[in-house]
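Chains as they are written, first to last, in my numbering: chain A, 67 to 192; chain B, 121 to 371.
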């Protein structure tokens with residue numbers, strides 16, 4: 067039987083996030099783990115700032131494991147104080163082919179930038 | 121020099137170092153990248169704890185002893201770690217169960233050490249307690265996932281329990297230096313921890329749909345006094361190789 071090596075990121079691109087039938091049938095212990103673990107997108111909030119920023123993705127069987135894996139993979143160097151995990155299949159992305167029609171029309175509309183106003187001192191986080 | 125206190129510190133240090141060495145064998149071989157990182161993170165936490173205990177022991181020993189000489193230049197019979205931590209990794213079930221048994225014990229032990237009257241030990245325990253809390257949570261999760269998982273994962277967890285349970289009794293049978301440390305209120309009375317430890321194991325086993333092992337199983341012992349299973353020699357051979365072959369070599 068041919069041996070296939072698996073690398074991080076090999077799975078999760080297809081709709082089901084799982085390996086092919088043929089691969090599923092190979093029961094060899096080590097290589098069969100992780101086949102059908104869904105992919106998760108991880109967002110971390112740093113000590114400075116209120117927003118969660120996308121930091122990368124990882125594999126996990128469920129949300130609980132996704133949080134724990136994110137803690138181990140993405141917060142090892144004190145990067146954050148809060149973690150969000152979203153299963154990748156629920157992320158809807160805009161189509162790069164439509165970039166012209168989606169974004170270019172905003173190019174020449176400087177009046178949409180609120181740079182002509184004075185902000186009161188009491189307004190935070192702007 | 122307080123000989124029993126040194127022995128006690130070496131026992132605490134050896135436990136964490138040998139388990140760290142075992143866990144680090146997974147580095148690059150973890151079942152998935154995320155867990156590969158998780159288990160090596162735990163290794164690094166444990167190495168950090170062992171360094172703190174070795175450094176303190178080295179000060180008490182004097183005579184140019186260092187954390188390195190204590191880790192790399194002692195022989196098998198001088199190591200005082202529990203038999204549990206030197207057992208082979210086996211599969212993921214055995215590795216996580218070994219971690220769970222040990223972390224559940226450390227979780228109780230470090231709470232006691234924080235209350236002790238040796239400021240240095242208390243400070244190390246306080247810092248390490250947060251790490252151990254996570255190790256316990258992480259390993260508990262795996263016991264539950266595998267125990268209450270598929271037929272195969274349950275079989276593997278049951279095999280791991282069969283294999284490792286016999287090494288858990290030793291944890292709670294105090295060696296002379298532990299009794300002495302408990303008497304001087306700088307260490308913990310380990311026999312008093314057993315009840316809470318069993319309670320924690322039972323709680324997690326129940327959630328994992330695993331039955332507790334029978335009570336009359338014969339318990340192995342000896343590690344605390346330097347009488348080890350065959351595995352420790354191989355661990356030391358690999359871990360100490362560089363310092364034995366190139367004495368004093370540094371990065």
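Idealized CB from N, CA, C, for every residue including glycine.
Interface residues of chain A facing residue i [CB-CB closer than 9 Å]
i	result
residue 158 of chain B	134, 135, 137, 138 and 139
residue 209 of chain B	None at all; the shortest Cβ gap to chain A is about 13 Å.
Under 7 Å from the C-beta of residue i: neighbouring residues of chain A
i	result
residue 258 of chain B	134
Proximity winner among the options, relative to residue i (alpha-carbon distances)
i	options	result
residue 278 of chain B	B:218, B:156 and B:342	B:218
residue 148 of chain B	B:161, B:139 and B:137	B:161
residue 337 of chain B	B:242, B:225 and B:282	B:282
residue 150 of chain B	B:215, B:265 and B:347	B:215
residue 448 of chain B	A:129, A:110, A:102 and A:144	No answer is possible for residue 448 of chain B: the residues shown for chain B start at 121 and end at 371.
residue 286 of chain B	B:223, B:183, B:335 and B:135	B:335
residue 355 of chain B	B:158, B:130 and B:191	B:191
residue 153 of chain A	A:116, A:167, A:187 and A:133	A:133
residue 175 of chain B	B:155, B:130, B:146 and B:159	B:130
residue 114 of chain A	A:126, A:144, A:156 and A:102	A:144
residue 305 of chain B	B:229, B:352, B:365 and B:370	B:229
residue 345 of chain B	B:254, B:295, B:244 and B:194	B:295
residue 317 of chain B	B:371, B:348, B:357 and B:256	B:256
Sequence-distant residues of its chain with Cβ nearer than 8 Å to residue i (five each side left out)
i	result
residue 242 of chain B	233, 234, 235 and 236
residue 284 of chain B	204, 207, 214, 217, 218 and 221
residue 329 of chain B	267, 268 and 274
residue 322 of chain B	332
Neighbourhood of residue i by C-beta distance below 7 Å, restricted to the same chain and skipping five residues each side
i	result
residue 108 of chain A	121, 122, 123, 124, 136, 140, 149 and 151
residue 433 of chain B	Since the displayed chain B opens at 121 and closes at 371, residue 433 of chain B lies outside it and no answer follows.
residue 94 of chain A	Confidence at residue 94 of chain A is low in this model, with a pLDDT of 43, below 50, so the placement of that residue should be treated as unreliable; the coordinate-derived value is given next. Around residue 94 of chain A: no qualifying Cβ.
residue 119 of chain A	109 and 110
residue 139 of chain B	166, 205 and 222
residue 131 of chain A	none
residue 360 of chain B	192
residue 239 of chain B	none
residue 251 of chain B	165
residue 122 of chain B	180
residue 87 of chain A	Interpretation of residue 87 of chain A is limited by its pLDDT of 46, a score under 50 that renders its predicted location unreliable; the figure taken from the coordinates is listed afterwards. Closer than 7 Å at the Cβ level, and outside the excluded window around residue 87 of chain A, lies no residue.
residue 144 of chain B	160 and 163
Below-8 Å beta-carbon distance, residue i vs any chain B residue
i	result
residue 79 of chain A	Any reading at residue 79 of chain A is ruled out, since the residue's pLDDT is 44, under 50, leaving its predicted position unreliable.
residue 105 of chain A	no
residue 118 of chain A	no
residue 142 of chain A	yes
residue 129 of chain A	no
residue 151 of chain A	no
residue 125 of chain A	yes
8 Å Cβ cut-off: residues of chain A touching residue i
i	result
residue 261 of chain B	130, 131 and 134
Closer than 8 Å to chain A by CB, residue i
i	result
residue 140 of chain B	no
residue 161 of chain B	yes
residue 323 of chain B	no
residue 154 of chain B	yes
Contacts around residue i, its chain only, beta-carbon distance under 6 Å, and the 5 residues preceding and following it disregarded
i	result
residue 90 of chain A	Any reading at residue 90 of chain A needs caution, since the residue's pLDDT is 43, under 50, leaving its predicted position unreliable; the model's value is listed next. There are no such residues.
residue 146 of chain A	110, 111 and 112
residue 186 of chain B	178
Any beta strand (DSSP E) of 3 or more consecutive residues that is wholly inside the segment 112–163 of chain A: 118–125 and 148–153
Segments of 4+ residues assigned as alpha helix (DSSP H) that fall wholly inside the segment 136–197 of chain B: 153–181 and 187–192
Runs of alpha helix (DSSP H) lying entirely within the segment 265–350 of chain B, each at least 4 residues, in chain order: 271–284, 296–303 and 314–327
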